[in-house]
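Residue numbers (our numbering), protein chains in the order written: chain Z, 1 to 295; chain R, 1001 to 1326.
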């Protein structure tokens, strides 16, 4: 090996390393810019929310740092938009819906995955056809059905219509197919009935997918606003407003810039639970290989 | 819930009705009926209530909407089919010059524009970010977490942010003196910005999951031939991401066609009807006075046919590689 080729090789290697470095720097800068773009609105909202009510923001100035800092707006919005009441409704809605739909999803998913009964294909196909039709097309119909059952001014009205969650059923079913039959047969011999099998054997073996389902459903339900709005604004039950609805229909009238500050404070408040969920359950939220494999 | 399911009696006849045909497997004739149908009885007693539930809130709802679209139901509540059959709602949509046709096709224009921009933009952005996040040596996980979280923010908060940026007296107005949401030409584009930045992360995550699952040996083999990362990506990695691309396009199309949130929360279709998507039109005809529920349901079914046709066409173009759930 001559000295020249060695030098050349070293040069290309260092050139490669330099290109690698340049690529990394450019990528990180690009990604950071996007991350800042996404974070900026929330930062501005936070700044807005912490201005004192009588703080006069100057025209044409974007406040990037706290000015006239106070927590007052948060208390104001909690009081005047009745956020504690709405928090109760939201929690009832979210927890109730997530729990009931999880029960349904577990049972139906298990039956479709593990019991070989006649009509299984037909039932699967029927349920799958739901996914073809966007739920919004059936908005008016579901509204009418809730009136028929007399639950349109009741928290059950926003919980019950969607609890047979077809997407969830097939998500869970696919995972449950990997539960070995031998385990279930052993449980059969020990005299377990089907519900016992689901709770004691299948549920512990499907923890990852159940967590994914629960988190997705929880966040989706928390953020839902369309159906609750249709139901409760038309039936006039404003004491049943969820957090989203309470903030959406909240138009304060304090005069000056205070309205903006108070609304911003409310928006921050209803986002915090989602951010906490995200931080705690990041692992499950960001691992979407289960979902990507579904379709 | 589970208790009541267990207690629910299901007769063999009901089971057979659900199965569709009486079961008659050869060789099992000697066994009594309830033993032959043991599995069916078990299965249907477990999924019976969910199935009935699904029938009420999906099948009945669908039948209600479909039949109502053939009536001239204006408002109120009930099963309107008795009041007379009419094709007028559908004729209105397809007759040039009527107010309904104008509103519907304007809505389709807005919806299609939204869908195409979001589909192309979100997927390009998603692929680019997923690729960069996977390629950088440090901090990939951090950027994934940082870029993803806005997709969890609710539509109400997103709408409030749009108003803060583009609304009257908003940031853009203070900086440049233009109220984008008040101009017929620009309002739709202004509405797109926040959903775009908050929405591409969902796609990004799916692309990222796919990228990570591709064996590194492919790229290593390709890196012996060329040193350009982008060429390796285009020639080797990208073709392997086909299934994710198909899934994401389909999701974008379905999400795009039913877009309603930003328009309803921010502009209510205005100014004029420049941001009135089809879903908003349907929503307004059903729930806003003067209500025209029959017409609204007809809009909804025409929209549904469109979604169906587009997703079938998309599937045909994408080929048969895509695996189905079953």
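Cβ coordinates follow ideal geometry from the N, Cα and C atoms, glycine included.
This structure is a prediction, so every number in the text was calculated from the model and none was measured.
Cβ-based neighbour list, residue i, same chain, cut-off 7 Å, excluding 5 preceding and 5 following
i	result
residue 86/Z	241, 242, 243, 246
residue 157/Z	146, 151, 231
residue 214/Z	98, 102
residue 1173/R	1179
residue 1098/R	1092
Supposed close pair residue i, residue j - CB separation, criterion 8 Å
i	j	result
residue 1204/R	residue 1147/R	6 Å
residue 77/Z	residue 262/Z	5 Å
residue 1289/R	residue 117/Z	Between residue 117/Z and residue 1289/R the Cβ distance is about 50 Å, and since that is not below 8 Å, they are no contact.
residue 194/Z	residue 1046/R	6 Å
residue 1259/R	residue 1310/R	That belief does not hold up - the Cβ atoms of residue 1259/R and residue 1310/R are roughly 14 Å apart, past 8 Å.
residue 92/Z	residue 155/Z	6 Å
residue 1194/R	residue 1162/R	5 Å
residue 1237/R	residue 1123/R	15 Å between Cβ atoms; not a contact.
residue 1103/R	residue 1281/R	6 Å
residue 1118/R	residue 1196/R	7 Å
Residue i (DSSP reduced to helix, strand or coil)
i	result
residue 51/Z	strand
residue 1257/R	helix
residue 297/Z	Given that chain Z is displayed from residue 1 to residue 295, the structure contains no residue 297/Z and the question cannot be resolved.
residue 1289/R	coil
residue 1138/R	coil
residue 1185/R	coil
residue 38/Z	helix
residue 1201/R	helix
residue 1073/R	coil
residue 1273/R	coil
residue 218/Z	helix
residue 1028/R	Bear in mind that the predicted position of residue 1028/R carries a pLDDT of just 47, short of 50, making it too unreliable to give a figure here.
residue 1248/R	helix
residue 1191/R	helix
residue 1216/R	helix
residue 246/Z	helix
residue 56/Z	coil
residue 1315/R	helix
residue 157/Z	helix
residue 61/Z	coil
residue 146/Z	helix
residue 266/Z	helix
residue 1008/R	Reliability fails at residue 1008/R, whose pLDDT of 45 lies under 50, so the model's placement of it is uncertain and the value that follows must be treated cautiously. Three-state DSSP puts residue 1008/R in coil, outside helix and strand.
residue 133/Z	coil
residue 237/Z	coil
residue 1301/R	helix
Beta carbon of residue i nearer than 7 Å to that of residue j
i	j	result
residue 1156/R	residue 225/Z	yes
residue 1050/R	residue 164/Z	yes
residue 105/Z	residue 168/Z	yes
residue 1303/R	residue 1278/R	yes
residue 220/Z	residue 81/Z	no
residue 1198/R	residue 1262/R	no
residue 1092/R	residue 1100/R	yes
residue 1088/R	residue 1291/R	no
residue 268/Z	residue 112/Z	no
residue 131/Z	residue 166/Z	yes
residue 1072/R	residue 1296/R	no
residue 1144/R	residue 278/Z	no
residue 1115/R	residue 1188/R	no
residue 172/Z	residue 198/Z	no
residue 1057/R	residue 228/Z	no
residue 1271/R	residue 1182/R	yes
residue 264/Z	residue 48/Z	yes
residue 179/Z	residue 205/Z	yes
residue 250/Z	residue 94/Z	no
residue 176/Z	residue 110/Z	yes
residue 24/Z	residue 1061/R	no
8 Å CB neighbourhood of residue i in its chain, flanking five on each side removed
i	result
residue 200/Z	187, 192
residue 1306/R	1108, 1257
residue 1235/R	1222
residue 1064/R	1079
Beta-carbon proximity list for residue i, same chain, < 6 Å, skipping 5 on both sides
i	result
residue 1298/R	1069, 1089, 1090
residue 207/Z	none
residue 1134/R	1211
residue 1207/R	1126, 1127, 1130, 1244
Any non-hydrogen atom of the ligand GDP within 6 Å of residue i CB
i	result
residue 1049/R	Judged by which ligands are present, the structure shown has none, so any question about the ligand GDP falls away.
- Query: Taking only runs of the alpha helix (DSSP H) that begin and end inside the region 1088 to 1170 of chain R, which ones reach a length of at least 4 residues, in chain order?
  - Reply: 1088 to 1094, 1099 to 1135, 1140 to 1148, 1155 to 1166
- Task: With a floor of 4 residues, list each alpha helix (DSSP H) that falls wholly inside the region 74 to 126 of chain Z, ordered by position along the chain.
- Result: 83 to 114
- Task: Within the region 1029 to 1062 of chain R, note down every full alpha helix (DSSP H) run reaching 4 residues or more, in order along the chain.
- Result: 1033 to 1036, 1038 to 1054
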